[in-house]
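Report on one structure; see the data block that follows.
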Amino acid sequence: MSLTAQGSAVQRLPRESIGAAAAYERDPELQAALDGLLADLKGRRRVPKDVTAKHVERIERLGCQLGLNRIVPAWNDGAFRSLVINTADGVTDDDRCSLARLTFGQVGPADLMVQLIQDEAAGLVGAAEQLKGPLANDAEDPARGYAIVSYFRVLSNGVVGKNTVKAVYELDEQDPSKLHFTCYGIQVQPASPDPESLALWREALGGNNPGMGPDGAIFAPIEFRPRATIRYILMEPNLNLAVSQMVGGLYAMQRVPVHV
């Protein structure tokens with residue numbers, strides 16, 4: 001779902017979109033703060049920290065005043081898609097990085113260059129990028145699964161792939177604004193099962209991944225199990241904003257339908 005109208009006009013984040021909790025109504029000052037953030041994005045989803053810094057400060061202050069800077073378990077789990085995310089180290093302004101950067105160094109070739117945010121190329125506009133709880137379908141902890149999904153294009157031959165970071169989460173017992181997640185595996189696979197895509201996928205990754213399955217899927221366990229912390233500055237039923245240690249800045253996530 002796009003939150004910007006055509007051109008430079010900005011579409012408000014409607015209260016009606018917060019259908020998961022009928023009693024919730026967004027504070028007018030908070031609405032204005034969110035509109036200001038969206039206006040400065042100018043249609044982009046991935047932006048530098050200096051674009052969002054002043055908005056983070058304002059939204060964090062309002063979240064604290066309104067008591068929305070904490071995790072509400074009933075609003076936490078589900079399927080979400082990013083509205084905005086800060087650019088991270090190792091990723092260029094045009095969303096390019098190495099396969100090693102994308103996969104914690106677990107999948108090769110390490111120096112293979114890819115371009116992120118390719119859900120449109122995969123035919124999956126609006127697809128969920130974050131799954132929390134039972135929807136993550138996690139074998140280690142079905143109730144506390146945490147999956148980060150992204151689509152990328154291999155620049156050398158154009159094939160589009162899907163990357164899934166598999167993790168489990170836990171809530172912070174001392175700080176209700178924090179969620180911790182521990183990553184235990186990476187799965188990459190072609191975004192499309194058609195023979196041409198599979199052939200291009202094998203051409204790009206097959207030589208470095210002898211464990212690749214017949215469908216092109218590669219699962220790599222992360223033995224060192226990196227642990228990251230998310231601090232929520234705003235949590236609504238269908239929208240949350242957080243500062244992420246792993247992302248290295250702000251990300252805003254909107255709930256999407258379960259089937260996406």
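For what it's worth, the UniProt record's numbering labels the leading residue of the sequence shown as 1, then goes sequentially.
Each residue gets a CB set at the ideal place from its N, CA and C atoms; glycine is no exception.
Note that the coordinates shown come from a computational prediction; the quantities given were computed from them, not determined experimentally.
Query                                                                                                                      : Result
Whether Asp50 touches Leu135 by CB criterion (9 Å)                                                                         : no
Residues of its chain near Pro48, where Cβ-Cβ distance is below 6 Å and the 5 sequence neighbours each way are ignored     : Thr87
Alpha-carbon to alpha-carbon, Asn240 and Ile233                                                                            : 8 Å
Residue burial classification, Trp236 (beta-carbon count within 10 angstroms, cutoff 16)                                   : Note that residue 236 corresponds to Glu in the displayed sequence, not to Trp. So Glu236 counts as buried.
Cβ-Cβ separation, Ala191 to Gly161 (assumed contact under 8 Å), whole Å                                                    : 6 Å
Beta-ladder partner(s) of Met235, from DSSP                                                                                : Asn240
At least three beta-carbon pairs within less than 8 Å, the stretch 81–96 to the stretch 192–201                            : no
Opposing strand residues paired with Thr182 [DSSP bridges]                                                                 : Val168, Arg227
Cut-off 7 Å between Cβ atoms - residues of its own chain near Ala110, not counting five sequence neighbours on either side : Ser98, Leu99, Ala100
Member of Gly185, Val107, Cys64 whose CA lies at the smallest distance from the CA of Arg225                               : Gly185
Of the residues Leu37, Tyr146, Arg45, Glu173, the one placed nearest Ala53, counting alpha carbons only                    : Leu37
Buried or exposed by the 16-neighbour rule on C-beta atoms within 10 Å, applied to Arg227                                  : exposed
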